[in-house]
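Okay, structure first, notes after.
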Amino acid sequence: KISECVTLLHAYVKNNALTDVIVLAHSKGGIVAKQYIDNYPTEVKKVISICTPFQGTAVGHLRLRNLKELIPQSPTLQSILNTPTHNSKIVNLYAHRDNHILPNRYAVLPGAVNIEIPVVGHTRILEHAQTSKTIQHYLHI
C-alpha cells in the first residue's frame, strides 16, 4: 500500500537523520513520493518522478495485486491531486507514450515541472539519454 510505503520512507529518513532529501521515483513510487512530500514537506528538497500515474490509469481497473490504488477515482489519488501545495518541488518526467498509464495525460501533475521525454514505453524511459540529462540538470538546481 502507498500509505505503508510513505511510513517506511519517513522512518528511514528519520532513523538516518537525513535532511534536504531528494527522492527519485519511478511509476507508483512517484505517488509514494508525492504523498510523502505532502505529509513531510520540510524533509524533502525535491522529488524527481518518472512515469508516475498521478491521475491514475485505466490499468488500475484490472484486478491485479494492488493496482486498485491507481484507479483514477481512488481516495489516495484524489487526496494527492487535491493537495497541490508542494507540487512545485516536483520534476515530473513522462513518456511520449506510456503503455501503463492510460490515457497518457494522466501522467501529468498540475503545478509540477512536467517534462515529456520522446520515448514510447513505461520502462524504456529509464534508459533514455534525455532522462539522464534531465535528472542531472535538476539535481543541481
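The opening position of the sequence shown corresponds to residue 2 in my numbering, with each subsequent residue numbered one higher. For glycine and all other residues, C-beta sits at the position ideal for the given N, C-alpha and C.
Taking C-alpha positions only, residue 100 is separated from residue 18 by approximately 38 Å.
Pairing residue 122 with residue 31, the inter-Cα distance amounts to about 17 Å. In the DSSP assignment, no residue is bridged to residue 37.
As the crow flies, the alpha-carbon of residue 26 is around 23 Å from that of residue 62. Closest in C-alpha terms to residue 106, from the list 81, 73, 130, 83, comes 73.
For residue 115, the enclosing beta strand (DSSP E) covers residues 114 to 121. With respect to residue 127, residue 58 sits apart: the two C-beta atoms are not nearer than 7 Å.
Within the same chain, Cβ atoms closer than 6 Å to the Cβ of residue 113 are found at 88, 91, 93, the five residues on either side in sequence being excluded. Using a 10 angstroms sphere on the CB of residue 111, the tally of other CB atoms stays under 16, which defines it as exposed. Assignment of residue 23 by DSSP, reduced to helix, strand and coil, places it in the strand class. Residue 117 sits close to residue 95, with the two beta carbons spaced by under 7 Å.
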